[in-house]
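Undergrad:
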Amino acid sequence: MGDELLNNTKAHNLIMEDRKRLCLSGVSDVTAFDEEKVTLTTSMGILTVSGQGLHIGNFSRETGELNMDGEIYALNYEELKRKDGGFFANIFR
């Protein structure tokens, strides 16, 4: 999945206003959501937004733009996994 994200290099930006509103670009999918956690696939990796009363106001797959509001507590990116040759390649670097 990481290689797919790297090859699909849409610009990824986020603007957070007062920890109550979040505007994102470069979003390709919303993989899970509820009022306390939203998980997004972005061009820079998997992004999890944690908070309370989270609400997705607008999402367009065509443009990759998403707007959400609520009380935002944390933004967390999962590390992109790249194929570097496997176990032995990591040992012999």
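Counting in the numbering used here, the sequence shown runs from 59 upward without gaps. All C-beta atoms in this analysis are idealised placements derived from N, C-alpha and C, irrespective of residue type, glycine included.
1. According to DSSP, what are the bridge partners of H70?
2. Go through its chain and collect everything with a Cβ distance to G115's Cβ below 7 angstroms, but skip five positions before and after it.
3. Which one of C81, H113, S86 and T106 has the shortest CA to CA distance from E93?
4. Going by other Cβ atoms of all chains shown within 10 Å of its Cβ, with 16 needed for buried, is T166 buried or exposed?
5. Kindly indicate which residue of V107, R119 and T121 has the alpha-carbon position closest to the one of Y135.
TA: Answer, in terms of the structure:
1. For H70, which the question treats as bridged, DSSP gives no partner whatsoever.
2. Only N125, M126 and D127 meet the Cβ criterion.
3. Among C81, H113, S86 and T106, the Cα nearest to that of E93 is on H113.
4. Missing from the structure shown is residue 166; the chain here goes from 59 to 151 and no further.
5. Y135 has its Cα closest to that of V107, out of V107, R119 and T121.
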